[in-house]
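Step one of this worksheet: look at the structure below.
Protein chains in written order, with our numbering: chain R, 440 to 728; chain H, 1125 to 1427.
Structure, rendered in structure tokens:
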């Protein structure tokens, strides 16, 4: 290669400067040009479409007698949100990876050289992650519902998509995975290593709830079970489950353990995500990159 | 223009950069010289706002780097080879960086062409050689056609052609009135590229001077001479300051007298010369003299 040429007159660079919309555009380019990210989104999409279709086709729903009312609604919501248990793990890994991928490769220094204020780049990245996750999750979930609905109706399960008690939890599943992706993003920004970030995030989702339940049960310590209800996996569950008596606000205490309803669960999950994100952002601004 | 004032950086108990003040001026190539661990990279990272100085201030083109509204137009930096996501192609890497400032796609194509990356631009960076990574880093630094360039070990891993290219590029950019600041531990490279040198050792500035004065301040000029009659030559050029050493290959290494004077004396006495070559003290030697204790140096090394 003959690269010993003097640089020619550059392209017109008037008006070239840093803006937030441009950072968002940059992060969008980054998001779609890494294979692992694209794969994570593809898996999320396939799971959200495929599981409702599969289960509505092969599942023994309604036992042939036909379902209406709450029983039907509960089945519809359950089928529509089947993917969440798996996609929540996918977005947890994705959220961590999107941030730690920059730290572990050194890319973060290029990013923070282009935006030395740092906050714009971090917010733009979080925004792109959140919007992409929500849009893809909602689109795939509703495609799954649309494909599964005729099969469900055929089995005598009434699909009442006009009822907010059905629509809200199905939308809520997308809200939940979006919040989870942001929480994982915050954890990734906090610990800056892929292994550590994924371990913490998956531990929070899979290990900690089980531990609290087992220990809380063995020690008869209800406060541990109360704490459990505020974990993202448990509080988040309320965002995508059918609640026959929805409409009540605040936390109602079913039995001895605190139960969150949809909106308070949203508040808890969003609050936790915001808290982790805020601490991580302050540290990202201060720490040496 | 880069201005550092009493800049220090402490990592735990180690003072990596110790009260460093200097100015890097536009229009010339300024070399930043020092052994590994001297604090060069840390200093450059503080200039770019990546590391927070423990004390002191640093400005680029009159402002702290993060205060610029068009940072990539102000400064282009190659800080480490492969400050790049290994899973992304070179083209997309540059495209994403350009997008932050609204730099047109045409410019991305230009820097790819300038750095000779056309053939590999579509490949993922993870498979790049060190030299290719360096070229990509330089391409990223040039994206905003910046007024100031900061290049940390730019020739590291480059083939001889690449080294020559960096040398020509930096000199060209400086000739356009830009500020060019490049670090190296390869002193011979610095001698051929830089106009001005700042020498750093253990986090402190040991020298901040034009390269010529650093070289002449060192051991001084020597002249390599070959002649079929060495005895005769030594007789005609002998003097109080003149020292002559005989090399293993029969050449003479003369200090304390210039090449012109040797040639004139030889001609006057009819001594035949086969070679007469002035040899500058290498920057290596100058550098060693700057960094090592002089007494220790003379007692351990015999010339």
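All C-beta atoms in this analysis are idealised placements derived from N, C-alpha and C, irrespective of residue type, glycine included.
Predicted, not measured: the structure shown is a model, and the values here were computed from it.
*Pull up the DSSP beta-bridge partners for residue 499(R), would you.*
Residue 499(R) pairs with nothing; no bridge assigned.
_residue 608(R), enclosing alpha helix (DSSP H) - first and last residue_ = 603 to 630
*Does the segment 473 to 491 of chain R come close enough to the segment 516 to 529 of chain R to have 3 or more Cβ pairs within less than 8 Å?*
yes
*With contact counted as at least three CB pairs below 8 Å, one residue from each stretch, are the segment 525 to 536 of chain R and the segment 1192 to 1205 of chain H in contact?*
no
*Hey, does residue 680(R) have any beta-carbon neighbour from chain H nearer than 7 Å?*
no
*asked:* Against chain R, with Cβ distances strictly below 7 Å, would residue 1194(H) count as a contact?
replied: yes
*Where does residue 693(R) fall in DSSP's three states?*
Model confidence at residue 693(R) stands at a pLDDT of 46, short of 50, so the residue's coordinates are unreliable and nothing is read from them.
*When DSSP labels each residue in this structure, what does residue 1169(H) get in the three-state scheme?*
helix
*asked:* Less than 7 Å between the C-beta atoms of residue 1189(H) and residue 555(R), yes or no?
replied: yes
_Rounded straight-line distance, which links the Cα of residue 1173(H) to that of residue 1133(H)_ = 12 Å
*asked:* Just verifying my parser: in three-state terms, what is the DSSP assignment at residue 1135(H)?
replied: strand
*Where residue 1378(H) and residue 1396(H) are concerned, what is the direct C-alpha to C-alpha distance, given to the nearest angstrom?*
16 Å
*In the segment 1202 to 1218 of chain H, which residues sit with their C-beta less than 8 Å from some C-beta in chain R, listed in chain order?*
1203, 1204, 1206, 1207, 1208, 1209, 1210, 1211, 1212, 1213, 1216 and 1217
*Using a Cβ-Cβ cut-off of 7 Å, state whether residue 1319(H) counts as contacting chain R.*
no
_Can you look up residue 383(R) in the DSSP assignment and give me helix, strand or coil?_
Nothing about residue 383(R) can be read from this structure; chain R reaches only from 440 to 728.
*If contact means a Cβ-Cβ distance below 7 Å, which residues of the segment 518 to 551 of chain R contact chain H?*
540, 541, 544, 545, 546, 548, 549 and 551
*Are residue 699(R) and residue 674(R) touching if we call contact CB-CB under 7 Å?*
yes
*Rounded to the nearest angstrom, how far is the Cβ of residue 1324(H) from that of residue 1157(H), given a contact under 8 Å?*
7 Å
_Rounding to the nearest angstrom, what Cα-Cα distance links residue 638(R) and residue 669(R) in this structure?_
20 Å
*Count the other CB atoms within 10 Å of the CB of residue 725(R); is the residue buried (16 or more) or exposed (fewer)?*
exposed
*asked:* When you compare the CB of residue 1231(H) with every CB in chain R, is at least one pair closer than 7 Å?
replied: yes
_Euclidean distance between Cα positions of residue 1277(H) and residue 680(R)_ = 57 Å
*Could you tell me whether the segment 1268 to 1288 of chain H touches the segment 1303 to 1319 of chain H, where touching means 3 or more Cβ pairs closer than 8 Å?*
yes
*Is the CB of residue 1189(H) under 7 Å away from at least one CB in chain R?*
yes
*Identify the residues that DSSP records as bridge partners of residue 1435(H): which are they?*
It is not possible to answer for residue 1435(H), since the shown part of chain H is limited to 1125 through 1427.
_Range covered by the beta strand (DSSP E) that runs through residue 1249(H)_ = Residue 1249(H) -> no beta strand (DSSP E), and no H or E assigned at all.
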